[in-house]
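Top to bottom, those sequences are chains A and B. Note that this note's numbering numbers the first sequence so that position 254 is 254, with each residue one more than the last. To convert, take the position in the second sequence, counting from 1, and add 386; that gives this note's numbering. Every residue gets a Cβ at the ideal spot worked out from N, C-alpha and C, and that includes glycine. Since the model is a prediction, treat every value here as computed from it, not as a measurement. Right, one structure below, let's go through it.
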Amino acid sequence: MKNLFLAFYLALKEVFRNRGRFLLVSLVIALITLLVLFIAALGEGLANGNRQYVANLDAQLIVFLEKSDYSISASRLETNTARTVRRVDGVADAGPIYTSNTEIVSLQEPLKVSMLGAEAGRPGMPVILEGRDFRGGEAREVVIDRNVAVRSGIQVGDEIEIRSTQGVEDEFFTLKVVGLVDGQSYFFQPTIFVPAATWEKIRPQSEADLNSDTPYPNILAVELSDPSQIDAIQARLISDVPNIEVTTIVTTINNIPGYLAQQGTVQTQGFFTLLIGVLVIGGFFQIQILQKVPQIGVLKAIGSSNGVVGWAAVIQIIVVTAIGVAIGGVFTYLFSLALPPTIPFVFNGDRSLIAIALLLFIGPLGGMVSIIYAVRIEPLKALRLG
Amino acid sequence: MTNIALEVKDLVKTFALDGTTINAVDHVSFQVKSGEFVALVGPSGSGKTTMLSILAALLSPTSGQVLIDGQDLAQMNEKRRVQLRREKIGFTFQSNNLIPFLTAQENVDLMLRLNGQANKAGRVRSAEILSRLGLNDRLHNLPAQLSGGQQQRVAIARALIHNPAVVLADEPTASLDTERAYQVVETFANLVHENNRAGIIVTHDLRLCQYVDRVLQMQDGKLVRILENKKEIVELARATVH
């Protein structure tokens, strides 16, 4: 314990008395932190933009058309599948989800959105934060994601006009905004929700599709009575309901086109930035230790143990890294405030916390060589013999 | 009764260099009593610094014995040697003596911290000893703000503050001009005598021998001459001056 106190004393005195030099290193670490956190937040934002709606579903299993390879866009279920699924033992409820894209044109700048069809009160329809659920049937009502409201200024009670290409014609539809939900981005776009029959009427569709008024859901969101029985119910669904495949929310997210490739790219960038951080910190502390060889020799010659010298180096690296990460964290937060809402930037995810933990870890990791070097310096270095 | 602070018995240190064995220290024996200030002199390559390194428990001898305050260095493991250096030995070095980010007083207090004696009384003592060395207005200056002579005086204070049995000085005046060198060694000698410590100064500058009680002259690793007579010592120093 005495060694540790002395190590703290020496490490902090040196940092304080050479604060200009150490601050420069902390600023370099701050810049690396900014980069790592930016990449982490961008990764989180991109992931959210892609998966948010699916990740927030009040369901545990997703039903797809058989052989659709868990691809939402490739899956199209029979209209009676939802009823069949609801009858399976262990299923609390199942809600059909219809996916499509459209464009809100009643704005100065048209806004592309994901248009999802869902049934009010069933899995797949998010919780209303403001206003009310839309009525069923063909009601020309819409519930919008907060992201749509932020980017367009649309409020509950407003009317919006959307444009969909049906056949070879552009068709325009007016919808009344009746409710607001939060955190429902899907496929990098903010989302609007409409009733199933309305969705079928107003979605973009080919000439051939125009002949049918029957909406076919892409997937079903299945809520279980007892989520701990997920494996058994999944097996039961597959055996009891024909022409379907069933999987979890996580698998569904991983099968969103481009999701894994995009996340892999972002994580690789983050990894290499951390690697650069390790090398920069390692290089700085190694150079510093090389400059301090006589000083460490004197410390050892007058009776400092290897423990004191080693701990002092570790504490110094941790302090300088922690200051750098703290400054970098503040920089990143301020930076995020200045970003427009169109840039997917989420600063409060687990990914940011993991990035901060990794950044705090790379200091001692980078300085490992210098710490070992410091401990191995012979006290004879204090004398001319060294 | 005189107390033997340092005893060297038939000490040998050999190095192998390009297949040749070099006797850096060759069967050397001597004693230093508490309150005695001894100069270890000799030309470059005579074995002075090797001898000092062994006395400081920084280097193990090939054979022979070194006893500091009655404790045999050969019987100690590395941990015990570190403890011995901390408790029983005071050091001043030729250069890079002080820790650059600690003030003069903090450098002196460092020895007390190492020995678990960093308290108010210890700080008063370090201020006193620095004042005694003429540094009362430099207590809070960093080494870079001190002259070479002032730095050496701080190092002397650090070497003595924890009341070690033996004080070792490795060419402490090498970077000083003649006048400051005399002042530093005279102060060192006075403090060694007053505090009843055994002091050994390694120097190639024979003029400084006028302040010591005994001169041990080494050549080719051997102890070739011992001057104990004050008159002989003064003549040796004067001969060098002229």
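Next item on the list: Answer yes or no: do Leu180/A and Leu129/A have a C-beta to C-beta separation smaller than 8 Å?
Entry: Here residue 180/A refers to the residue found at position 180 of the first sequence. Here residue 129/A refers to the residue found at position 129 of the first sequence. Contact flag set, yes.
Check: Would you call Glu565/B buried or exposed, if buried means 16 or more other Cβ atoms sit within 10 Å of its Cβ?
Finding: In the second sequence, counting from the first residue as 1, residue 565/B sits at position 179. With fewer than 16 Cβ atoms within 10 Å of its Cβ, Glu565/B is classed as exposed.
Next item on the list: Take every Cβ of the segment 25-44 of chain A, pair it with every Cβ of the segment 344-357 of chain A, and state whether three or more of those distances are shorter than 8 Å.
Entry: yes
Margin query: I need the DSSP call for Leu385/A, collapsed to helix, strand or coil.
Written below: Numbered from 1 along the first sequence, position 385 holds the residue referred to as residue 385/A. Note that Leu385/A has pLDDT 46, beneath the 50 cutoff, so the model's placement of it is unreliable and no number is given.
Next item on the list: Please look up how many angstroms separate the CB atoms of Ile62/A and Val222/A, rounded, as I've assumed it's under 8 Å.
Entry: Your numbering for residue 62/A matches position 62 in the first sequence. Your numbering for residue 222/A matches position 222 in the first sequence. With a Cβ gap of about 7 Å, Ile62/A and Val222/A count as contacting.
Checklist line | Closer than 8 Å to chain B by CB, Ala301/A | finding: In the first sequence, the residue the question calls residue 301/A occupies position 301. Taking Cβ atoms only, chain B reaches closer than 8 Å to Ala301/A, which makes this a yes.
Checklist line | Any chain B beta carbon closer than 8 Å to Arg17/A | finding: Position 17 of the first sequence holds residue 17/A. Yes, contact with chain B.
Next item on the list: Let me know the secondary structure DSSP gives Glu223/A once reduced to three states.
Entry: As a working mapping, residue 223/A is identified with position 223 in the first sequence. Glu223/A: strand per DSSP, three-state reduction.
Note to self: My assumption, with CB atoms under 8 Å, is that Val154/A sits in contact with Ile144/A. Please give the rounded CB distance.
What the structure shows: Position 154 of the first sequence, counted from the first residue, corresponds to residue 154/A. Position 144 of the first sequence, counted from the first residue, corresponds to residue 144/A. One point to set straight first is that residue 154/A is Ile, not Val, in the sequence displayed. Contact holds; Cβ gap of about 6 Å.
Next item on the list: Give every residue of the same chain whose Cβ lies closer than 6 Å to the Cβ of Leu453/B, excluding the five residues on either side of it in the sequence, and list them in chain order.
Entry: The residue you call residue 453/B lines up with position 67 of the second sequence. Closer than 6 Å at Cβ, skipping near neighbours: Glu393.
Item checked: Touch test, the segment 318-330 of chain A against the segment 17-30 of chain A, Cβ-Cβ under 8 Å, three pairs minimum -> yes
Next item on the list: Report all residues from its chain with a CB closer than 7 Å to the CB of Lys419/B; omit the five preceding and five following residues, and keep chain order.
Entry: Numbered from its first residue, the second sequence carries residue 419/B at position 33. Result list for Lys419/B: Thr388, Asn389, Ile390, Ala391, Ala584, in chain order.
Margin query: Just to confirm, is the Cβ distance from Ile515/B to Leu554/B under 8 Å?
Written below: Along the second sequence, one-based indexing puts residue 515/B at 129. Along the second sequence, one-based indexing puts residue 554/B at 168. Taking 8 Å as the Cβ cut-off, Ile515/B and Leu554/B do not qualify as a contacting pair.
Item checked: Same chain, Cβ closer than 7 Å to Arg76/A, neighbours up to 5 away in sequence not counted -> Counting from one through the first sequence, the residue named residue 76/A turns up at place 76. Hits under 7 Å: Leu65, Tyr216, Asn218.
Item checked: Residues within the segment 363-380 of chain A neighbouring chain B, beta-carbon criterion of under 7 Å -> Pro379, Leu380
Notebook entry, point to check: Given that a residue counts as buried once 16 or more other Cβ atoms are within 10 Å of its Cβ, and exposed if not, what is Lys616/B?
Noted result: Position 230 of the second sequence, counted from the start, is the residue given in the question as residue 616/B. Exposed, because fewer than 16 other Cβ atoms sit within 10 Å of the Cβ of Lys616/B.
Item checked: alpha helix (DSSP H) segments (min. 4 residues) lying fully within the segment 240-323 of chain A -> 249-254, 259-291, 293-301
Next item on the list: Measure the alpha-carbon distance for Leu528/B versus Pro379/A and round it to whole angstroms.
Entry: By 1-based counting over the second sequence, the position of residue 528/B is 142. By 1-based counting over the first sequence, the position of residue 379/A is 379. Straight-line Cα distance between these residues: approximately 23 Å.
Next item on the list: Decide if Val620/B is buried, meaning its Cβ has at least 16 other Cβ atoms within 10 Å, or exposed.
Entry: Numbered from 1 along the second sequence, position 234 holds the residue referred to as residue 620/B. When all chains shown are included, Val620/B counts as exposed.
Check: So the alpha helix (DSSP H) Val571/B belongs to, where does it begin and stop?
Finding: Within the second sequence, numbered from 1, the residue matching residue 571/B stands at position 185. It spans 564-580 - the alpha helix (DSSP H) in which Val571/B sits, taken as one unbroken run.
Notebook entry, point to check: Can you find a heavy atom of the ligand COA that lies under 7 Å from the Cβ of Ala513/B?
Noted result: The ligand COA is absent from the structure shown, which contains no ligands of any kind.
Notebook entry, point to check: With 16 as the cutoff for other CB atoms within 10 Å, does Val168/A come out buried or exposed?
Noted result: On the first sequence, position 168 is the one that residue 168/A refers to. Classification for Val168/A: exposed.
Next item on the list: Could you round the C-beta distance between Ala560/B and Gln596/B to whole angstroms and report it? I think they count as a contact, below 8 Å.
Entry: Taking the first residue of the second sequence as 1, we reach residue 560/B at position 174. Taking the first residue of the second sequence as 1, we reach residue 596/B at position 210. No, Ala560/B and Gln596/B are not in contact; Cβ-Cβ is about 18 Å, not under 8 Å.
Checklist line | Chain-ordered residues of the segment 419-448 of chain B with a beta carbon less than 8 Å from chain A | finding: Thr435, Thr436, Leu438, Ser439, Ala442, Leu444, Leu445
Note to self: So that I know if they touch, is there some Cβ in chain D lying closer than 8 Å to that of Val320/A?
What the structure shows: Structure shown: chain D not included; protein chains present are A and B.
Check: Hey, Thr589/B and Val411/B are a contact pair by Cβ (cut 8 Å); roughly how many whole angstroms apart?
Finding: As a position in the second sequence, residue 589/B is number 203, starting the count at 1. As a position in the second sequence, residue 411/B is number 25, starting the count at 1. Going by Cβ atoms, the distance from Thr589/B to Val411/B rounds to 17 Å, so no, they are not a contact pair.
Next item on the list: Write down the C-beta distance between Thr191/A and Leu116/A rounded to the nearest angstrom, noting that I regard them as a contact closer than 8 Å.
Entry: In the first sequence, the residue the question calls residue 191/A occupies position 191. In the first sequence, the residue the question calls residue 116/A occupies position 116. Indeed, because the Cβ distance is near 6 Å, the residues count as touching under 8 Å.
Check: For Gly502/B and chain A, any beta-carbon pair shorter than 8 Å?
Finding: Numbered from 1 along the second sequence, position 116 holds the residue referred to as residue 502/B. Interface residue, yes.
Next item on the list: Show which residues of chain B have a CB atom less than 8 Å away from the CB atom of Leu12/A.
Entry: Sequence index remark: in the first sequence, residue 12/A carries index 12 (1-based). The contacting residues do not exist; Leu12/A stays about 10 Å from chain B at best.
Item checked: Boundaries of the alpha helix (DSSP H) in which Arg611/B is found, first to last residue -> Locating residue 611/B in the second sequence gives position 225, counting from the first residue. Unbroken run through Arg611/B is the beta strand (DSSP E), 608-613; no alpha helix (DSSP H).
Note to self: By the DSSP assignment, the alpha helix (DSSP H) with Asn50/A in it spans what residues?
What the structure shows: As a working note, residue 50/A is residue 50 in the first sequence. Segment 19-55, the alpha helix (DSSP H) holding Asn50/A.
Notebook entry, point to check: Which same chain residues, not among the five before or five after Lys608/B, have their C-beta less than 6 Å away from its C-beta?
Noted result: Counted from its first residue, the second sequence places residue 608/B at position 222. Asp412.
Check: Can you tell me whether Tyr186/A is buried or exposed, with buried defined as 16 or more other CB within 10 angstroms of its CB?
Finding: The residue labelled residue 186/A in the question sits at position 186 within the first sequence. When all chains shown are included, Tyr186/A counts as buried.
Check: Using a C-beta to C-beta distance shorter than 7 Å, which residues of chain B count as neighbours of Ser304/A?
Finding: Sequence index remark: in the first sequence, residue 304/A carries index 304 (1-based). Within chain B, the residues near Ser304/A are Leu500.
Item checked: Span of the alpha helix (DSSP H) around Ile362/A -> Position 362 of the first sequence holds residue 362/A. It spans 350-366 - the alpha helix (DSSP H) in which Ile362/A sits, taken as one unbroken run.
Item checked: Completely contained beta strand (DSSP E) runs for the segment 98-158 of chain A, where each covers 3 or more residues -> 111-117, 141-145
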